[in-house]
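S.K.: Quick note on the numbering used here: the sequence shown kicks off at 105 and runs consecutively.
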Amino acid sequence: MTLRERFREWLRAFLAEPAGPAEEPPEVWQEWLTDVAPTAVRGADFGVELCATYTGEWNPAAVRTALRDLVVQCTADRLVTEDAAVQDLLNSARSRQLPDSSTVITSIEAVVRVSASAVARTEEHQRLAAARAAREYERAEQVEDLRFLWTEIFSKPELARMYWHRRHPDRLQELGGEVFEVIAGRRTDACAPPDPLVDAVAEFLRGLDGPERAQLISTLPVIFQGYGREDLAAAVPTQHAPDDL
């Protein structure tokens, strides 16, 4: 570099605007929290100890509130047997800024503890839940078996007789009756779709007796025809129909 070039560099540096003062690093604060955290099993809680490092505005109350909210989010659906996973989850929480504040939580150190009584309560809860699920499954299986008998076996008198004979081989005399045909007929009636109009009238009739009941029955054909239900109007006993119908 020539002398002229060096002089130009020196002059450029001399005339440049002076650099401003270096920014001060943000002030760092810490806040501790010791609390009890709820789990998916009532009464079987975590014990948590947290130390939060934060910058910005000194705001210990808001930081503790944010820590409590975070703890509940991480533990509410957990079991105490998942204490290691919960501790890792808390320790890996990302940096977060508090609402309407310059306070920023930069890191969290958490220790999660579990008592023997909480573990015992959780294990008992799991045992009862498993037993309840097994009972519900067994009931569902029984209902499904009965539904199969109702829809597939007793809907066909021949199959119903074979089923009866396999269960009661010493009661052959009962196979010759019409009971299986009767059951199949009742099954057909029971499987008919519900009729809101019929149900409403039947419910109303159950609250009447004597002349009031007879009077209502006599007007049913007109009521049913008004709803376009000639099939129901024709099914009303004729002795109850009024003379002017």
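The beta carbon of each residue, even a glycine, is placed where N, CA and C say it ideally should be.
If we ignore side chains and look at the alpha-carbon of each, how far apart do VAL326 and GLU256 end up?
M.R.: Translated into the one-based positions of the sequence shown, residue 326 becomes position 222. Translated into the one-based positions of the sequence shown, residue 256 becomes position 152. Approximately 40 Å between the Cα atoms of the pair.
S.K.: For the beta strand (DSSP E) containing THR157, list its first residue and its last residue.
M.R.: On the sequence shown, residue 157 is found 53 positions in, with the first residue counted as 1. Segment 150-159, the beta strand (DSSP E) holding THR157.
S.K.: Thinking C-beta only, is VAL167 closer than 8 Å to ILE212?
M.R.: Counted from its first residue, the sequence shown places residue 212 at position 108. Counted from its first residue, the sequence shown places residue 167 at position 63. No, Cβ-Cβ distance for ILE212 and VAL167 is not below 8 Å.
S.K.: Specify, as a first and last residue, the run of the beta strand (DSSP E) that ILE212 falls within.
M.R.: Within the sequence shown, numbered from 1, the residue matching residue 212 stands at position 108. Unbroken beta strand (DSSP E) run through ILE212: 208-217.
S.K.: Given a cut-off of 8 Å, decide if LEU183 and VAL145 are closer than it, judged by their beta-carbon atoms.
M.R.: Locating residue 145 in the sequence shown gives position 41, counting from the first residue. Locating residue 183 in the sequence shown gives position 79, counting from the first residue. Taking 8 Å as the Cβ cut-off, VAL145 and LEU183 qualify as a contacting pair.
S.K.: Do you know whose CA, among THR157, ALA237, TRP162, lies nearest ARG198's CA?
M.R.: Within the sequence shown, numbered from 1, the residue matching residue 198 stands at position 94. Comparing Cα positions, the closest option is THR157.
S.K.: For VAL140, count the other beta carbons within 10 Å of its own beta carbon; 16 or more makes it buried, fewer makes it exposed. Which is it?
M.R.: The count along the sequence shown starts at 1 and reaches residue 140 at position 36. Exposed, because fewer than 16 other Cβ atoms sit within 10 Å of the Cβ of VAL140.
S.K.: Three-state secondary structure (DSSP) at TRP162?
M.R.: On the sequence shown, position 58 is the one that residue 162 refers to. TRP162: coil per DSSP, three-state reduction.
S.K.: With a 10 Å radius around its C-beta and 16 neighbouring C-beta atoms as the bar for buried, classify ALA222 as buried or exposed.
M.R.: Counted from its first residue, the sequence shown places residue 222 at position 118. Looking at its Cβ environment, which holds 16 or more other Cβ atoms inside 10 Å, ALA222 is buried.
S.K.: Please name the residue, chosen from CYS155, LEU194, VAL340, that lies closest to VAL176 on a Cα-to-Cα basis.
M.R.: In the sequence shown, residue 176 corresponds to position 72, counting from 1. Closest option to VAL176, Cα to Cα, is LEU194.
S.K.: Just the Cα atoms here: how many angstroms apart are ARG172 and VAL305?
M.R.: To locate residue 172, count along the sequence shown from 1; it is residue 68. To locate residue 305, count along the sequence shown from 1; it is residue 201. Going from the Cα of ARG172 to the Cα of VAL305 covers about 59 Å.
S.K.: Is it the case that the Cβ atoms of ALA288 and PRO315 are separated by a distance below 8 Å?
M.R.: Counting from 1 along the sequence shown, the entry for residue 288 is found at position 184. Counting from 1 along the sequence shown, the entry for residue 315 is found at position 211. No. Outside cutoff.
S.K.: Could you tell me the distance, in whole angstroms, from the CA atom of ARG275 to the CA atom of ARG231?
M.R.: For the purposes of this step, residue 275 is taken as residue 171 along the sequence shown, with counting starting at 1. For the purposes of this step, residue 231 is taken as residue 127 along the sequence shown, with counting starting at 1. Going from the Cα of ARG275 to the Cα of ARG231 covers about 45 Å.
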